[in-house]
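Residue numbers (this note's numbering), protein chains in the order written: chain A, 181 to 516; chain B, 520 to 738. We treat Cβ as the ideally placed atom computed from N, Cα and C, and that holds for glycine.
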Amino acid sequence: MIRIENISKTYPGRDAARALDSISLQVGRGEIFGVIGRSGAGKSTLIRCLNLLERPDSGRIFLEDEALTALSPRQLPDVRRRIGMVFQHFNLLQSKTVAQNVAFPLTLAGNRDKAAVRRRVAELLDLVGLSALGDRYPASLSGGQKQRVGIARALANKPRVLLSDEATSALDPQTTQSILDLLLDINRRLGLTIVLITHEMSVIRSLCDRVAVLERGQIVESGPVTDVFLHPRHAVTRSLLAESGQPDERELARLAGRASGPLLRLTFVGEKTYAPLLSQTSRETGLEFNILQGSIGRIKDTPYGQLLIEAVAGGDALPALQAALTRRNIHHEVIA
Amino acid sequence: MNWSVLDWHEIGQAVVDTVTMSGFSLLFTIVLGLPLGVAMFLTAKGRLMPQSGLYALLSLVVNFLRSVPFVILLILMIPLTVWLIGTSIGVAGAVPPLVAAAAPFYARLVENVLREVDHGVVEACLAMGARRRQIVLFALLPEALPGLLAAATVTGVALVSYSAMAGAIGGGGLGDLAIRYGYQRFEIEVMVVTVALMVLLVQLLQWAGDRLVLHFSRR
């Protein structure tokens, strides 16, 4: 659906560091792709390159095999109508009502049929749950309602892709969840491809299929969310995860120092999460386990569990334990 | 004071002249100043059509006209005024110099009002595939409407007081009356009444402007 090949961007005047440094990635049809990174990592520049609000210095961007980077400024408006975008600060027109805001992209595209526009607006407001508020002005809406208007507006021209630039970062946690639910619902109902950027791991976890971690303009890690989330390889990913409650290196070292037996991290994904595998292993090996830390939950729709356990035994019991875990297909890492 | 010396008929005519002068001047000021202000906004650095050379030129013209004292501008403009409308005196003769003074002033205000529009809105329009003309007509100007009206009110008030000065070279209106009767003939009563009427006129204008701004404000 979207293919980015080697794009780079440097802002003039700023220090030598590149905003984007040879980024390549692909987003599949119907997929929700997340880009996470700290502020200043370049994620905003990256998403703004996708509809050429920023033009990369080099590299190419394709939307459905059409090279956007080869288009002239005159051709841009047409292709941008196929790409919806929602913003952190909503960017609604204050002088227009909710319905007029949603109708705005339709009129820009040259829709003269007023009845058709009205029908489409009603349809969109219904989709985002704002049917009753069409005549209100944005100033009288809550943040969550404003973002719903933003989403309805972005969908007006039936785009192929929706870009979300920190769409929930200005909202409280409860409203954030309702907006994320709405995005997921739209993705499923319309089969719409979504590319989002965020600095919150929780957004990635509840919404995305795949994720790329951006740091200093480079992708340091990418893959399916379950992989990146459960087996982070890069320090930046780990520290982003630590902020959302996963134990970081220091915490692990502290636990390892206290443990008397082998320390292992077990990871369960899918249905295994709900099977009594640990107690079965315990019975089979005759070992007792001490759960030091753990989380069980869901990544988007996939149940997962990750436990840090200490086997109450000497180091010589380790091979038998590992064999038992392998037999049960439990992913395990020996920490100490 | 002897109020019986007042010629109410003449005062009434002066009010009509002042309103006509300021009204037509305001109209042409907006007709010329609004596009000029929009052009300055668009060509400024980092905006929709950055053209630093053109911006510098427009800015220079605006600053020049704004810095020439109005009395001097009145005199400098005489040949142009005569060429434009055939005379440099009377109500009609006052309009060109008034516009020449007020249009750059209004243009600068317009530029500032447009800068106050959230840049995110422009960006959202670009992302929706809006062309520049559409952004200006359907987003920037409507978003800035309350500010544009407030700026027009300020300009209108300035025009009322400038029009009094235009009376100095035979423009007619309340200022003319105040100078000829009140100042040169020491008829204090005329002075008091004309000044009071000017104050009233300005108050009315400001009140109407505020009402309009409020009507179009959606915040």
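Taking all protein chains shown into account, decide if residue i is buried (16 or more other Cβ within 10 angstroms of its Cβ) or exposed.
i: B:Val550; result: exposed
i: A:Gln255; result: exposed
i: B:Ser541; result: buried
i: B:Ala663; result: buried
i: B:Glu635; result: exposed
i: B:Gln722; result: exposed
i: A:Glu423; result: exposed
i: A:Thr506; result: exposed
i: B:Thr606; result: exposed
i: A:Asn186; result: exposed
i: A:Ser320; result: exposed
i: B:Leu628; result: buried
i: A:Arg328; result: buried
i: A:Gln460; result: exposed
i: A:Pro499; result: exposed
i: B:Asn521; result: exposed
i: B:Val718; result: exposed
i: B:Ala727; result: exposed
i: A:Gly290; result: exposed
i: A:Phe213; result: buried
i: B:Gln703; result: exposed
i: A:Arg300; result: buried
i: A:Ile359; result: buried
i: A:Glu451; result: exposed
i: B:Phe624; result: buried
i: A:Asp481; result: exposed
i: A:Asp365; result: exposed
i: B:Leu545; result: buried
i: A:Glu401; result: buried
Our contact map puts residue i next to residue j with C-beta atoms below 8 Å; I'd like the distance itself, whole angstroms only.
i: A:Ile331; j: A:Leu362; result: 7 Å
i: A:Ile216; j: A:Ile384; result: 5 Å
i: A:Arg262; j: A:Leu243; result: 7 Å
i: A:Pro318; j: A:Lys326; result: 6 Å
i: A:Leu125; j: A:Gly264; result: Because chain A is modelled from 181 through 516, residue 125 of chain A falls outside the range shown and cannot be assessed.
i: A:Leu351; j: A:Met381; result: A:Leu351 to A:Met381, Cβ: 16 Å. No contact.
i: A:Leu443; j: A:His512; result: About 11 Å separates the two Cβ atoms, so there is no contact after all.
i: B:Leu617; j: B:Ser682; result: 6 Å
Are residue i and residue j touching if we call contact CB-CB under 8 Å?
i: A:Leu458; j: A:Ala497; result: no
i: B:Ala626; j: B:Gly552; result: yes
i: A:Leu394; j: A:Gly222; result: yes
i: A:Leu313; j: B:Leu645; result: no
i: A:Pro236; j: A:Lys189; result: yes
i: A:Phe172; j: B:Ala685; result: What the structure shows of chain A is the stretch from 181 to 516, and residue 172 of chain A is not part of that stretch, so it cannot be assessed.
i: A:Phe448; j: A:Ile510; result: yes
i: B:Tyr700; j: B:Val709; result: yes
i: A:Leu288; j: B:Gln653; result: yes
i: B:Ala762; j: B:Thr548; result: Nothing can be reported for residue 762 of chain B, as the shown portion of chain B is limited to 520 through 738.
i: A:Thr355; j: A:Gly309; result: no
i: A:Leu305; j: A:Val297; result: no
i: A:Asp258; j: B:Gly648; result: yes
i: B:Phe560; j: B:Glu630; result: yes
i: A:Thr406; j: A:Gly210; result: no
i: A:Gly403; j: A:Leu200; result: no
i: B:Val712; j: B:Ile594; result: no
i: B:Leu633; j: B:Val557; result: yes
- Just checking, does the segment 369-380 of chain A make contact with the segment 341-360 of chain A on the three C-beta pairs under 8 Å criterion? Because the criterion of three Cβ pairs below 8 Å is met, the segment 369-380 of chain A and the segment 341-360 of chain A touch.
- Between the segment 226-244 of chain A and the segment 276-290 of chain A, do at least 3 Cβ pairs fall closer than 8 Å? Too few Cβ pairs lie closer than 8 Å, so no.
- Query: Are there three or more Cβ pairs, one per stretch, closer than 8 Å when the segment 522-529 of chain B is compared with the segment 595-603 of chain B?
  - Reply: No, because fewer than three Cβ pairs between the segment 522-529 of chain B and the segment 595-603 of chain B fall closer than 8 Å, the two stretches do not touch.
- When you check each C-beta in the segment 631-643 of chain B against every C-beta of chain A, which residues fall closer than 8 Å? Only those residues of the segment 631-643 of chain B whose C-beta falls short of 8 Å from the nearest C-beta of chain A are listed: Asp637, Gly639, Val640, Glu642, Ala643.
- Query: For the segment 481-491 of chain A against the segment 672-685 of chain B, are there 3 or more C-beta pairs whose distance is under 8 Å?
  - Reply: With contact defined as three or more Cβ pairs closer than 8 Å, the segment 481-491 of chain A and the segment 672-685 of chain B are not in contact.
- Query: Okay, do the segment 689-708 of chain B and the segment 657-672 of chain B touch, 3+ Cβ pairs below 8 Å being the bar?
  - Reply: The segment 689-708 of chain B vs the segment 657-672 of chain B: no contact.
- Are three or more beta carbon pairs between the segment 554-566 of chain B and the segment 696-716 of chain B nearer than 8 Å? Between the segment 554-566 of chain B and the segment 696-716 of chain B there are fewer than three inter-stretch CB-CB distances shorter than 8 Å, so the stretches are not counted as touching.
- Message: Would the segment 580-588 of chain B count as touching the segment 644-662 of chain B if we require 3 or more Cβ pairs under 8 Å?
- Response: Taking 8 Å as the limit for Cβ pairs, the verdict is that the segment 644-662 of chain B does not touch the segment 580-588 of chain B.
- Meets three-Cβ-pair contact criterion under 8 Å: the segment 399-416 of chain A and the segment 245-264 of chain A: In this structure the segment 399-416 of chain A does not lie against the segment 245-264 of chain A, because fewer than three pairs of beta carbons, one per stretch, are closer than 8 Å.
- Query: At a Cβ cut of 8 Å, what residues of the segment 656-681 of chain B count as close to chain A, listed as they run along the chain?
  - Reply: Listed in chain order, the positions of the segment 656-681 of chain B with a beta carbon within less than 8 Å of a beta carbon of chain A are Phe657, Ala658, Pro661, Glu662, Leu664.
- Relative to chain A, which residues along the segment 553-581 of chain B have a C-beta separation below 7 Å, given in chain order? Here the close residues number zero.
- Given a limit of 9 Å on CB to CB distance, which residues of the segment 585-604 of chain B reach chain A? Answer in chain order: no residues at all.
- Going along the chain, which residues of the segment 239-263 of chain A sit with their C-beta nearer than 8 Å to a C-beta in chain B? For chain B, the residues of the segment 239-263 of chain A that bring a beta carbon within less than 8 Å of one of its beta carbons are Leu256, Pro257, Asp258, Val259, Arg260, Arg261, Ile263, in chain order.
- Task: Pull out every residue of the segment 284-317 of chain A whose Cβ sits closer than 9 Å to any Cβ of chain B, in chain order.
- Result: For chain B, the residues of the segment 284-317 of chain A that bring a beta carbon within less than 9 Å of one of its beta carbons are Phe284, Pro285, Thr287, Leu288, Ala289, Tyr317, in chain order.
- Which residues, in order along the segment 343-374 of chain A, keep a beta-carbon less than 7 Å from a beta-carbon of chain B? From the segment 343-374 of chain A, no residue has a Cβ closer than 7 Å to chain B.
- Using a Cβ cut-off of 9 Å, which residues of the segment 270-285 of chain A contact any Cβ in chain B, in chain order? Here the close residues are Phe270, Asn271, Leu272, Leu273, Gln274, Ser275, Lys276, Thr277, Phe284, Pro285.
- Query: What residues from the segment 317-332 of chain A come within 7 Å of chain B, judged by C-beta to C-beta, listed N to C?
  - Reply: Correct list: Tyr317, Ala319.
- What residues from the segment 221-236 of chain A come within 7 Å of chain B, judged by C-beta to C-beta, listed N to C? Within the segment 221-236 of chain A, the residues whose Cβ lies closer than 7 Å to some Cβ of chain B are Asn231, Leu233, listed in chain order.
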